[in-house]
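*Asks:* Numbering (my numbering), first residue to last: 476 to 547. First the structure, then my questions, so here it is.
As structure tokens, then:
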């Protein structure tokens with residue numbers, strides 16, 4: 476690899492702030508889509524842990540947006 480090449484890795488799973496930044500949707504809209512089942516997510520929580528890490532499936536998020544693209 477040349478020193479001027481840049482590696483770019485796109486995450487398969489996103490945290491909510493990353494999903495907001497990627498799409499421009501609000502945090503509340505992301506949670507609304509999660510609640511309705513419109514996009515896939517995973518909740519990572521260890522036994523006894525109070526809070527979980529919510530991860531959003533990037534592909535399902537982008538597919539949801541693509542399904543709403545209007546062509547004229």
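The beta-carbon is built from N, C-alpha and C at its ideal position, and this holds for glycine as well.
#1: In three-state DSSP terms, what is residue 530?
#2: In its own chain, which residues sit with a C-beta less than 8 Å from the C-beta of residue 495, not counting the 5 before and 5 after it?
#3: So who's on the other strand from residue 551, going by DSSP bridges?
#4: Looking only at its own chain, which residues have a Cβ that is under 7 Å from the Cβ of residue 516, when we skip the five neighbours before and after it?
#5: In this structure, what does DSSP give as the bridge partners for residue 489?
#6: Contact defined as beta carbons within less than 8 Å: I believe residue 527 pairs with residue 518. What is the distance between those atoms, to the nearest angstrom?
#7: With H, G and I counted as helix, E and B as strand and the rest as coil, what does DSSP make of residue 502?
*Replies:* Here's the rundown:
#1: Residue 530: strand per DSSP, three-state reduction.
#2: Excluding residues within five positions, the ones whose Cβ falls inside 8 Å are 501, 502, 505.
#3: As shown, the chain starts at 476 and ends at 547. That puts residue 551 outside it, with no answer to give.
#4: Contacts found: 509, 529, 530, 531, 532.
#5: Bridge partners of residue 489: 531.
#6: In this structure, residue 527 and residue 518 form a Cβ contact; the two beta carbons are roughly 4 Å apart against a cut-off of 8 Å.
#7: Three-state result, residue 502: helix.
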